[in-house]
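Asks: There's a structure below that I have some questions on.
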Amino acid sequence: MISKCLRLLLIISDFPTASGVRRFTMKILNVAEKNDAAKNISEILSRGGYHRREGISKFNKIYEFAMNLNGQNVMMIMTSVSGHLTNYDFLPNYKSWHSCNPMVLFDAPIVKQVLKDYEPIKQTLQREVRSCQKLIIWTDCDREGENIGVEVIDVCREVKPNIEILRARFSEITPAAVHRAVDRLTIPDYNASTAVDVRQELDLRIGAAFTRFQTLRLRRVFPQALSDQLISYGSCQFPTLGFVVERFREVDQFVSEPFWRIVVTVSRDEKTTEFQWQRGRLFDQDCCRAYYEHLNQNRYGQIVEVIKRPKTKWRPTALDTVELEKLASRKLQMGAKYAMQLAERLYNKGFISYPRTETKIFPPDLDLKSLVHVQINDSRWSDFATRILERGPNPKNGKSSDKAHPPIHPLKVGDSLQGDEARLYELVTRHFLACLSTDAEGAETIVRLCIGKPTLPRTFNSSISTANLLTSEDGELFESKGLMILALNYLEVYIYDRWAEKDMPVFQLGEWILPDNIQVLTGQTCPPPLLTEADLISLMDRHGIGTDATHAEHIETIKQRLYVGLEQNKFLVPGQLGMGLVEGYDSMGFEMSKPNLRSEFEADLKLICEGRKTKEEVLHHHLNKYKELFRLALNQASFLDRALALRLEQEAENVQNISGSVGEMASFAASNNTSGGHNQSNVLNPVVAFCPTCHSGLVLRQKRSALRPLTTSSNLSNNPGSNEVNQTSNGGWFLSCSGYPNCRYAIWFPDSVIHVRVLSETNENTCNRCANFIPSSSVRPSNDQSGPSKLGLRFRRNFYLPNGYIQDDDTKEYITCIFCDEDICRILGIHIRLVNNPPISSQTTVSNELIANRDPLPSQTRNFSSSLPPSFSSTGIDSNHNFSNLLHAKPYLNLHPTSNHSSHNTLPRSPNFSRSVDNAEAGDSDNILCNCGHSAIQLTVKKPGPNQGRLFYRCPGVAGNSCDFFLWKSQTTPITIAQSSPLYSSTQVFQFT
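In mature numbering (1 follows the signal peptide of the UniProt record, and there is no 0), the protein residues as written are -20 to -1, 1 to 973.
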């Protein structure tokens, strides 16, 4: 430690100032992807003269050193992250698996935030960047590395927005590569980072929706077999499983057939040579017997062809990631994921180059001689490396290149490594040296024998002229091959390949031979072998499933989910669950286990990297495609039940008969509604408009106490243009911000509105006058200027509107846009106010009208607490069951590592109201009005229990009439009404603060 401090002092003292001592012109923050990389880069740039200190994260150290950068004396501050610093996630009210219909997750708002465990890393970065003038990103130079780099940039710009950003590009942590990178600093590749953002968002939305649907439903349908099983879905994971299932089906359905073949044996010079029939094999036994009998009667044969030619065994091409994974699986019996973890460690320690590359071509400027020269110091292949240097490296390149990283190769001697790291390093090094060597050389001899000509003499005669050779028309041809190896060359170092010699006696062209034996051998056709990991990686690579960096992860996932297992510790075999899932979706007519969907998406990601497609259009296209598949899957979920029932050998529970709302949540497809299952949960409808406060989506909800089954207008549930929550007819409807609890903006409908539905999102069902209320969604095309969705309102019987509308039929609806229909807002007492005006389209002409003061009917405050998500009732077959019960249902605990199985107590308590209204004092917080418009009375809970002693409000029951109003008196943050209005209407727009 003392020596390091002394070195730092010597470095600092070497920079003179005007007074004779040098000073630094600037400080630069450098950030690598892992701590090992930061340490090794610092070691190279400082020549071992860095000073280490602790960061706020104990796993990510800080290395300081002085250096000259572009003629300036600078102080370098090097630290690191630990992979991705942030990730996408849903807002809190969507995280619980029971908080919403999974269909909503395709459009639900998401946020990208720093992971909780990585907060110390964020704090370190922000602390260090405050004193720096530049930021250099040293993350890995692939897509993921670019995205991690942008995450670092975003975190640093939170505290220093104008800091200059630079990017170091390198493929290996060697002195030459690191110094070259720092001399050629460039800018980050934001297109590559955007492609990762798109992939992360799509994987989150699709994976969450299908995983929740599958898990919640199948746990209830098969409680004995799957009660604790996470049944996940991923758009890469499922095609990967599909490859395994497809090969298993080929093996399982394979019908073996017997065949017959003829073999001729000749002995000479104490060697036995077998000649194979050039017809191969026959599947007709009688036909083969006829050939055999003919040959047995005419046994003499003639050597009609002797071919001697050079034979070459090709050396391997340059090593990329896919080939490394396959070789580790086949030659070292390592799992692909484990092999890549080892490779990552070897890279961070500086033993090999970057292991995630699609390149099989060594760049011309890569100094191969110096890399080979390093290996002379390893006794295992020292002589071989020396011979390569004597004749010069001769790399065998492939055809692919990602133009970012060279093929994988060793950087320094690895004789100090142990265990599996040593084995993998040895594979990389031997492969590298073999690639730079020459092909193995041999001499092959091919001898062809013709037997069966009836006119041949019955005695052997070796003097027959060779000019009179038999042809295939004269008899049956048989062939034998021999091999003599002349030079091993690359095989001397590449111990993973075998090339066996096959001795053959000398045969002369034209000579006659009497075989020792002619026999018929029988056999049976064999199915193709089950897939190994190496085979599966080849298929994934060929069909564009995942990338070279993610193949191993996807294979590991389907093994962990028990969708597949290993047979003989080598072959991948689908489990009953994996087979059932694939067969279930196949029976729906989908091709979700095929690679088409994902490979098309991967191709679009490449186009984003090339700048030829945008994030918005790719997300919009692919999310809509998966959303439609999901909608169809919900409506045909019984196919999944039947397929799994056969595989699990269990009878499927009828989810329509399961009591409790868990069963109802699990049976999304039990309804006849074809609008994507929107009648099955609390967060049910698509986004109606955006919140004027936070720009999240406003969605339709209904308070718990109002829920009850519809009895008079059930025919509306079959309306294909409807996204309604077709369960209740008791009012209590409101539009709520999906950003709850961070944003508590809401718009209430009065009790005179007994039913509300959101019309399907078509041109005629959206309001073009209100384009400024369009939901702020990243998946909507930039050229889509449609406005908020129109609503279908049904009122109490005989309700009259001044425009002549009368609710004289329970099935009639008043179709309108509440954001610009001034008449309906005035009648219902709805007061729209833009708290924070969103960007308004130049074509919009209604914004002033929307915020203008009106004269609504008298209004009253509403109790939002009774409408919080946990107190909703489910909307399944039996709607009498309280949705909150499912939160405590034992079979549904621990559904997912990140599931939020909250109880009532984990959600915010009911707030008091602090009304800002005409003629009301600011402190008049206890003047609470019930749904009847009367002042609520305050009571105390006297019944023994956890709520004993708590104060609450309820309706006073004036004139013998009472409503269902209830409100706890609590001390949480009050709710503030958004705009002044009279106190005698049942509707109010307010904002929670």
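Glycine included, each C-beta is placed from N, C-alpha and C at the ideal position.
1) Whole angstroms is fine: what's the gap from Phe218's alpha carbon to Met572's?
2) How big is the Cα-Cα spacing for Glu513 and Thr119?
3) Going by DSSP, name the residue or residues bridged to Glu44.
4) Please classify Tyr780 as buried or exposed, where buried requires at least 16 other C-beta atoms within 10 Å of its C-beta.
5) Under the assumption that Leu471 contacts Ala423 (Cβ atoms under 8 angstroms), give the Cβ distance between them as a whole number of angstroms.
6) Measure the C-alpha to C-alpha separation of Glu126 and Asn171 and round it to an integer number of angstroms.
7) If you draw a straight line from the C-alpha of Thr154 to the C-alpha of Leu391, how long is it?
8) In three-state DSSP terms, what is Arg478?
9) So what's Glu303 in DSSP terms, helix, strand or just coil?
10) Got a sec, what are the start and stop residues for the beta strand (DSSP E) Ala12 sits in?
11) Can you find at least 3 beta carbon pairs, one from the region 354 to 372 and one from the region 296 to 316, that sit closer than 8 angstroms?
12) Please confirm whether Ala414 and Pro296 have their CB atoms less than 8 angstroms apart.
13) Across which residues does DSSP place Gln504 in a beta bridge pair?
14) Out of curiosity, what's the CA-to-CA distance linking Ile517 and Asp264?
15) Going by alpha carbons, who is nearest to Asn142 out of Leu557, Arg110, Glu152?
16) Can you check DSSP and say which residues form a bridge with Cys717?
17) Considering only C-alpha positions, which residue in the set Glu13, Arg627, Leu501 is nearest to Gly558?
18) Compare the Cα-Cα distances from His811 to each of Ala726, Val135, Asn745, Val286 and report the closest residue.
19) Classify Thr537: buried if its beta carbon has 16 or more other beta carbons within 10 angstroms, exposed otherwise.
20) CA-CA distance, Ala18 and Ser381?
21) So the beta strand (DSSP E) Tyr933 belongs to, where does it begin and stop?
22) Thinking Leu146 and Lys102 are a contact (beta carbons under 8 angstroms), I'd like their distance in whole angstroms, please.
23) Between Gly399, Phe799, Ser915, Leu489, which has its C-alpha nearest Cys430's C-alpha?
24) If you draw a straight line from the alpha carbon of Glu453 to that of Gln499, how long is it in whole angstroms?
25) If you draw a straight line from the alpha carbon of Tyr543 to that of Leu307, how long is it in whole angstroms?
26) Between Ile24 and the rest of its own chain, which residues show a CB-CB distance below 6 angstroms, the 5 nearest in sequence each way excluded?
27) Which partner residues of Ala467 appear in the DSSP bridge assignment?
28) Can you list, in chain order, the residues of its chain whose CB lies under 6 angstroms from that of Tyr606, leaving out five sequence neighbours each side?
29) Near Ala632, what residues of its chain come up, given a Cβ to Cβ distance below 8 angstroms and the 5 sequence neighbours on each side ignored?
30) Which residues in the same chain as Val135 place their Cβ atom closer than 6 angstroms to its Cβ, once the five residues preceding and following it in sequence are excluded?
31) Locate the beta strand (DSSP E) running through Ile287, then write down its first and last residues.
32) State the Cα-Cα distance for the pair Arg289 and Val176, rounded to the nearest angstrom.
33) Output the residue ranges of the beta strand (DSSP E) runs that lie fully inside the region 766 to 797 and measure 3 residues or longer, sorted by chain position.
34) Classify Gly509: buried if its beta carbon has 16 or more other beta carbons within 10 angstroms, exposed otherwise.
35) Cα-Cα, which of Arg164, Arg27, Gly214, Ile465 is closest to Leu182?
36) In whole angstroms, what is the alpha-carbon distance linking Val921 and Arg934?
Replies: In short:
1) Locating residue 218 in the sequence shown gives position 238, where the first residue counts as 1. Locating residue 572 in the sequence shown gives position 592, where the first residue counts as 1. Taking the straight line from one Cα to the other gives about 7 angstroms.
2) On the sequence shown, position 533 is the one that residue 513 refers to. On the sequence shown, position 139 is the one that residue 119 refers to. Straight-line Cα distance between these residues: approximately 29 angstroms.
3) Looking up residue 44 in the sequence shown gives position 64. Answer is His31, Ile57, bridged to Glu44.
4) In the sequence shown, counting from the first residue as 1, residue 780 sits at position 800. Classification for Tyr780: exposed.
5) Here the question's residue 471 lines up with position 491 in the sequence shown. Here the question's residue 423 lines up with position 443 in the sequence shown. About 15 angstroms separates the two Cβ atoms, so there is no contact after all.
6) As a position in the sequence shown, residue 126 is number 146, starting the count at 1. As a position in the sequence shown, residue 171 is number 191, starting the count at 1. Computed Cα separation, rounded: 9 angstroms.
7) By 1-based counting over the sequence shown, the position of residue 154 is 174. By 1-based counting over the sequence shown, the position of residue 391 is 411. So the alpha carbons of these two residues sit roughly 7 angstroms apart.
8) If you number the sequence shown from 1, residue 478 lands on position 498. Coil at Arg478, not helix or strand.
9) Looking up residue 303 in the sequence shown gives position 323. Residue state, collapsed to three classes: helix.
10) Sequence index remark: in the sequence shown, residue 12 carries index 32 (1-based). 6 to 12 is the extent of the beta strand (DSSP E) around Ala12.
11) Output reads no: the region 296 to 316 does not touch the region 354 to 372.
12) For the purposes of this step, residue 414 is taken as the residue at position 434 of the sequence shown. For the purposes of this step, residue 296 is taken as the residue at position 316 of the sequence shown. Yes; because the gap between Cβ atoms is below 8 angstroms, this pair is in contact.
13) The residue labelled residue 504 in the question sits at position 524 within the sequence shown. Answer is Pro238, bridged to Gln504.
14) Taking the sequence shown and counting its residues from 1, the one referred to as residue 517 is at position 537. Taking the sequence shown and counting its residues from 1, the one referred to as residue 264 is at position 284. Their backbone Cα atoms lie some 39 angstroms apart in a straight line.
15) Along the sequence shown, one-based indexing puts residue 142 at 162. Nearest of Leu557, Arg110, Glu152 to Asn142, Cα basis: Arg110.
16) By one-based count along the sequence shown, residue 717 stands at place 737. Cys717 pairs with Leu678.
17) The sequence position of residue 558 within the sequence shown is 578, counting from 1. Checking every option, the nearest Cα to that of Gly558 belongs to Arg627.
18) For the purposes of this step, residue 811 is identified with residue 831 of the sequence shown, where counting begins at 1. Considering only alpha carbons, the answer is Ala726.
19) To locate residue 537, count along the sequence shown from 1; it is residue 557. By the 10 Å Cβ count, Thr537 comes out buried.
20) Taking the sequence shown and counting its residues from 1, one reaches residue 18 at position 38. Taking the sequence shown and counting its residues from 1, one reaches residue 381 at position 401. Ala18 and Ser381 have their alpha carbons spaced roughly 27 angstroms apart.
21) In the sequence shown, counting from the first residue as 1, residue 933 sits at position 953. First-last of the beta strand (DSSP E) with Tyr933: 931 to 934.
22) One-based indexing of the sequence shown puts residue 146 at position 166. One-based indexing of the sequence shown puts residue 102 at position 122. Incorrect: roughly 20 angstroms between the Cβ atoms, too far for contact.
23) In the sequence shown, residue 430 corresponds to position 450, counting from 1. The shortest C-alpha separation from Cys430 is found at Leu489.
24) On the sequence shown, residue 453 is found 473 positions in, with the first residue counted as 1. On the sequence shown, residue 499 is found 519 positions in, with the first residue counted as 1. Distance between the alpha carbons of Glu453 and Gln499: 22 angstroms.
25) On the sequence shown, position 563 is the one that residue 543 refers to. On the sequence shown, position 327 is the one that residue 307 refers to. Spanning the two alpha carbons is a distance of roughly 24 angstroms.
26) Position 44 of the sequence shown holds residue 24. Same-chain partners within the cutoff: Pro155, Val158.
27) Within the sequence shown, the letter at position 487 stands for residue 467. DSSP lists Glu421 as partners of Ala467.
28) Translated into positions along the sequence shown, residue 606 becomes position 626. Within the same chain, and ignoring the five residues on either side of Tyr606 in sequence, the residues whose Cβ sits closer than 6 angstroms to its Cβ are Ile186.
29) By one-based count along the sequence shown, residue 632 stands at place 652. Excluding positions up to five away in sequence, the list reads Val201, Phe202, Asp621, Arg622, Leu624, Ala625.
30) On the sequence shown, position 155 is the one that residue 135 refers to. Cβ neighbours of Val135 beyond the five flanking positions: Lys102, Leu105.
31) For the purposes of this step, residue 287 is identified with residue 307 of the sequence shown, where counting begins at 1. 281 to 293 is the span of the beta strand (DSSP E), which, as asked, contains Ile287.
32) Working through the sequence shown from its first residue, we reach residue 289 at position 309. Working through the sequence shown from its first residue, we reach residue 176 at position 196. Each residue's Cα considered, the two are about 52 angstroms apart.
33) 771 to 775, 794 to 796
34) Mapped onto the sequence shown, residue 509 falls at position 529. A small fix is needed here, since residue 509 is Pro in this sequence, not Gly. Looking at its Cβ environment, which holds fewer than 16 other Cβ atoms inside 10 Å, Pro509 is exposed.
35) Position 202 of the sequence shown holds residue 182. Checked all of Arg164, Arg27, Gly214, Ile465; the closest Cα to Leu182 is Gly214.
36) By 1-based counting over the sequence shown, the position of residue 921 is 941. By 1-based counting over the sequence shown, the position of residue 934 is 954. Cα to Cα, the separation comes out at about 12 angstroms.
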